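Sequential numbering from 1483 applies to the sequence shown in our numbering.
Note that beta-carbon positions come from the ideal geometry of N, C-alpha and C, so glycine has one too.
Remember, predicted model here, so these are calculated numbers, not experimental data.
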Amino acid sequence: MRRSYRFLLRPTSKQAAALVACLEDHRALYNAALEHRRTAYAKAGVSVRYGDQSAELKHIRADDPGGQGRWSFSSQQATLRRLDRAFRAFFDRVKAGRTPGFPRFKGPGRFDSVEWPKDGDGCRWDSQPEHPTATYVRLQGVGHVRVHQHRPIRGRVKTISAKREGSCWYVVLSCDDVPAEPLPATGATAGIDMGVASLVTTSDGAHLANPRHLATTSGRLAEAQRVLDRKKRGSKRRRKAVARVAALHGKVRRQRLDHAHKAALVLVRGYDVIVHEDLRIRNMTRSASGTIDQPGRNVAAKSGLNRSILDAGWGVFLTVLAYKAESAGRELIAVNPAGTSRTCSRCGHGAKENRVSQAVFRCQGCGHAAHADVNAATNVLRAGLALRQAAEAA
Ligand SMILES: [Zn+2]
């Protein structure tokens, strides 16, 4: 298996300055390589390839030993490859008959990571300069940077990236050969319903609620965004407001990821088979302001933006759940969510009147009453088990 880890870096002020210089030089390289391709294409209709640009790196580095020459050859190649991918995507869209925008120059703040494609080549994870109890990563031209390693890593480190987020720096490791850690069978199966108040409700009736602090932060983010929208372009106050929105976005992302990990862990520990709604289908059928079953009702108390911030946690959660399920040897099934929220899980009667309110389900056919999310989760479970049975019979 493959997975990535992300840790906060604690650079000294000198190292922080070097990280900024490293990022800026890689950005300059990206933009210069883009300029080269644009000019060649516009003037002569020639496509410059990655190989051509990579071959020029040697000269660029030799001509600028105190600048571009300071950094790792491999991280510079990775930056050129990143541009190459942008061009491939551009030409793929052209081929598909669309009219995409040409790859763009990266302004300051639009280029925030540098990748070293191989541990040991211009970078070294766990470089141990002198301090046996602390973790360091060595980055060429920057030095041994201290890492706040808050959890152990498994597998073999493949790529190392440094990433800037607001005023913080992170190191992202991508690891190969991460061993699976199977969990003992429980004999239990569950369907799950994903919502706003509770991130997840299980068919057993457990609610894994979105934590209050996440709702608080997303409320503050929505407010900060409204403040930003009122600021004049190019003003100093606007810059400040942008920084605040970015900082709150980072905070929401960390809180959401943390909660996704906790909720997914509860599920994989408790169940052998977990059935969830297929989010791709669901996103097509539900509008931002509600659901087809329940148009706009569940937005009542929340602003659209605040709600959408909470909603966005579903994708993150399913990604984390998929990884944990694979590692633990659990089965994950995705089902079409159509009708799950208005169909009675006892008798199968489907009607939108069954959904009395956001939380209450009462069947107009048989009188079955349940929490609406538990009823939906039960339908999801049934659909998943039917799908599984059909697959086994085929
Ligand atoms: Zn019923």
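- Rounded to whole angstroms, the separation of the alpha carbons of Gly1811 and Leu1761 is 22 Å.
- Shortest gap from the CB of His1853 to any heavy atom of ligand 1: 6 Å or more.
- In terms of Cβ geometry, Cys1826 and His1850 form a close pair [threshold 7 Å].
- Check the Cα spacing between Glu1597 and each of Ser1685, Ala1742, Trp1607: the tightest is with Trp1607.
- Taking the C-beta atoms as reference points, Val1528 is found no nearer than 7 Å to Ala1537.
- When the beta-carbon positions are compared, Val1639 and Leu1501 stay at least 7 Å from each other.
- Val1727 sits close to Ala1706, with the two beta carbons spaced by under 7 Å.
- Rounded to the nearest angstrom, the gap between the Cα atoms of Pro1819 and Arg1694 is 27 Å.
- Every residue whose beta carbon comes nearer than 5 Å to a heavy atom of ligand 1 appears here in chain order: Cys1826, Arg1828, Cys1829, His1831, Cys1845, Gly1847, Cys1848, His1850.
- Considering only Ile1756, Thr1561, Asp1566, Gly1669, the residue with the shortest C-alpha distance to Tyr1805 is Ile1756.
- Under the three-pair Cβ rule at 8 Å, the segment 1657–1666 does not count as touching the segment 1696–1704.
- The beta-carbon separation of Asn1836 and Arg1824, rounded to 5 Å, stays under the 8 Å limit for a contact.
- Per the C-alpha coordinates, the member of Ala1841, Gln1840, Gly1821, Ser1839 positioned closest to Gly1832 is Gly1821.
- Around the C-beta of Glu1759, 16 or more other C-beta atoms lie within 10 Å, and the residue is accordingly described as buried.
- Non-local beta-carbon contacts of Ile1635 in its own chain, meaning distances under 8 Å to residues more than five positions away in sequence, involve Tyr1487, Leu1655, Cys1657 in chain order.
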